[in-house]
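> If you scroll down you'll find the structure; I have some questions about it.
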Amino acid sequence: MPKKLFIHEKTVEILLKILEAEENKKKAYPMLIAKEVNSPYSYVSKILNEFERFAIVESEFEGRTKVLRLTKNGRKVAELFKEIVRLLECDLVSRDRVEKLKEIYEKSPKNFKSLAGIIAEIERLKNSKDDEVLRGVVELENEIRKVISNERGGK
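The numbering of the sequence shown is UniProt numbering, which starts it at 1 and goes up by one.
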């Protein structure tokens, strides 16, 4: 069953290396993939044979060199894994924190005293390297600054 293939990190790495090569208009070679994922050629070859068995990749020889290519369904699988990996590399904790801060902001009285805690937490979240977190932080900070500015201007 193909799903068992993707339980292992190296298997996903191998698949993504083939996708990366295709996206960069390059050819995918088993030996190069083995080197890039830092795995023995024998292991990579075994995984590639399984990929071929399940019609995820197809291969052909150019001279004595084996060249790999994703099948249509293999490309779909690879693109989904690429998206999963991208999501898992995100700062999910900070993303969740930004959403919670937005909820707190919506329910809070719109005055400086009530918003001070949110402002402090926003400052901590500015250290995130996740673009989505940073966009959310800037958006929330701008809203809060408008409220504070209006509060001060109204006095």
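For every residue, glycine included, the Cβ atom is placed at its ideal position computed from N, Cα and C.
Please tell me whether Glu83 and Thr71 are closer than 7 Å, where the distance is taken between their beta carbons.
Along the sequence shown, one-based indexing puts residue 83 at 83. Along the sequence shown, one-based indexing puts residue 71 at 71. No, they are not a contact pair.
> Do Ala55 and Leu19 have their C-beta atoms closer together than 7 Å?
Within the sequence shown, numbered from 1, the residue matching residue 55 stands at position 55. Within the sequence shown, numbered from 1, the residue matching residue 19 stands at position 19. It is not a contact, given that the beta carbons lie outside the stated cut-off.
> Under 7 Å between the Cβ atoms of Leu16 and Pro30?
Here residue 16 is taken as the residue at index 16 of the sequence shown, counted from 1. Here residue 30 is taken as the residue at index 30 of the sequence shown, counted from 1. Contact: no.
> For Ser94, I'd like the list of residues in its chain whose CB is within less than 7 Å of its CB, leaving aside the five on either flank, ordered along the chain.
Here residue 94 is taken as the residue at index 94 of the sequence shown, counted from 1. Answer for Ser94: Leu125, Ser128, Asp130 and Val133, listed in chain order.
> Tell me, please, which residues DSSP counts as bridged to Ser42.
Reading the sequence shown from its first residue, position 42 is the one you call residue 42. None, per the DSSP bridge assignment.
> Could you check how far apart the C-beta atoms of Ile118 and Tyr105 are, in whole angstroms? I think they sit under 8 Å.
Mapped onto the sequence shown, residue 118 falls at position 118. Mapped onto the sequence shown, residue 105 falls at position 105. Indeed, because the Cβ distance is near 6 Å, the residues count as touching under 8 Å.
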